[in-house]
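Okay, so here's the structure we're looking at.
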Amino acid sequence: MKVHCKVDNAFLCTKVNLRRNVIKKHFNKSSFNILNCCAAKNKVWRSLDEFYNTSIIHLDLNPQFDGVIKCDANDYVQNNDLSKFDIIDIDTYGSPWDIFFNSIKSCTGTTVFFLTWGRTEKNLFNVPNIIKQTFNFPKSSKKGRNPLCKYMEKNITSLLVRGYENGIFIKDVYEGFPQGNARYFGLTVIKED
Ligand SMILES: C[S@@+](CC[C@H](N)C(=O)[O-])C[C@H]1O[C@@H](n2cnc3c(N)ncnc32)[C@H](O)[C@@H]1O
């Protein structure tokens with residue numbers, strides 16, 4: 233019997249290592265302001281506590297500990313000033329892209345983003361409208377075909393270049409080893425004044 237369940241941190245090590253490696257590469261400081269968009273139990277940043285001095289704002293649709301702001305992160309990033317954050321972490325089960333593209337509108341200077349991009353089924357990623365529009369994808373595809381997947385796999389870099397339209401430059405893209413149903417990215421985003 234197959235059991236389908238959501239597991240918050242099935243691949244905690246991958247997430248933690250990606251964050252450590254990207255931080256090591258991009259910051260020569262150890263204190264960070266972080267916006268943690270999908271806090272859940274905060275296992276990821278708790279695992280990194282011993283290495284960094286962090287000031288974190290935690291968000292979640294369903295808070296699991298005291299101090300988490302109960303909200304949709306996509307609303308939060310559109311209604312708050314994000315300029316103070318060094319790191320914005322969008323560790324969703326599904327698609328991080330709407331939150332990402334709405335965040336880059338108001339971040340300033342250099343911001344490091346961590347994104348988890350979950351698949352809904354084998355080889356099929358959650359594809360929000362903003363991404364479909366980027367590549368002019370057809371609204372619906374013939375049964376049995378998945379043109380979205382083909383485009384997404386081959387054009388991840390081009391996809392990210394959409395940031396230019398929002399006045400940002402995506403300097404580096406890192407990917408953690410893909411695990412199970414998810415891919416993990418670390419992006420360095422620069423917004424010029
Ligand atoms: C994979 S877990 C996050 C694990 C977490 N980063 C940790 O360190 O333990 C995903 C969480 O994202 C939350 N979530 C999903 N979409 C969200 C959204 N749009 N806004 C806020 N929270 C969201 C879910 O409620 C869930 O708790």
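Under the numbering used here, the first residue of the sequence shown is numbered 233, with each subsequent residue one higher.
Idealized CB from N, CA, C, for every residue including glycine.
For residue i, the first and last residue of its enclosing alpha helix (DSSP H)
i: D404; result: No alpha helix (DSSP H) contains D404, which is instead part of the beta strand (DSSP E) from 400-411.
i: L244; result: 244-258
i: V300; result: It is not in any alpha helix (DSSP H) - V300 carries neither H nor E in the DSSP assignment.
i: L280; result: 275-280
Cβ shell of residue i (< 7 Å), same chain only, five flanking positions each side left out
i: D504; result: In the structure displayed, the chain extends from 233 to 425; residue 504 sits before or after that span and is not available.
i: Y416; result: T246, K247, L250, T348, E407, G408
i: P328; result: I322, L347, T348, W349
i: Q310; result: N334
i: K374; result: Here K374 scores only 48 on pLDDT, less than 50, and its place in the model should not be relied on; the value that follows carries that caveat. Cβ within range, chain order: n/a, list empty.
i: I400; result: I336, V421, I422, K423
Which of helix, strand or coil DSSP assigns to residue i
i: D330; result: helix
i: I288; result: strand
i: A305; result: helix
i: R415; result: strand
i: S338; result: coil
i: N311; result: helix
Beta-carbon contacts of residue i that lie in its chain and below 6 Å, excluding the five residues immediately before and after
i: D404; result: T420
i: I289; result: L267
i: D318; result: F264, N265
i: I301; result: L291
i: K273; result: Q296
Segment limits, beta strand (DSSP E) that includes residue i
i: S263; result: 263-268
Neighbourhood of residue i by C-beta, 8 Å cutoff - its chain only, sequence neighbours within 5 removed
i: R377; result: Since pLDDT at R377 reaches only 42, below the 50 mark, its modelled position is unreliable, and the value read off the structure follows with that caveat. Excluding sequence neighbours, R377 sits near nothing in its chain.
i: S262; result: F283, Y284, N285
i: N253; result: Y406, G418
i: N271; result: According to the sequence shown, residue 271 is Ala rather than Asn. Closer than 8 Å at the Cβ level, and outside the excluded window around A271, lie H290, L291, D292, P295, Q296, F297, V300.
i: S287; result: S263, F264, N265, I266
Beta bridge counterpart(s) of residue i as assigned by DSSP
i: F344; result: A quick correction: the sequence has Val, not Phe, at residue 344. For V344, which the question treats as bridged, DSSP gives the partners I319, T420.
i: W349; result: R415
Candidates the options: closest to residue i by CA position
i: A305; options: F243, C269, K423, Y416; result: C269
i: F297; options: I400, K275, T340; result: K275
i: L456; options: I255, N260, C303, W329; result: Only positions 233 to 425 of the chain appear in this structure, which leaves residue 456 out of reach.
i: G418; options: F345, G350, Y308; result: F345
i: F259; options: K302, G341, L291, V300; result: G341
i: Q411; options: Y325, S335, F332; result: Y325
i: D307; options: S315, A272, I331; result: I331
i: F243; options: C303, A414, I422; result: A414
i: T343; options: R278, W277, I402; result: I402
Cutoff 9 Å: residue i Cβ touching any chain C Cβ
i: Q296; result: The structure shown contains no chain C; it holds only a single protein chain.
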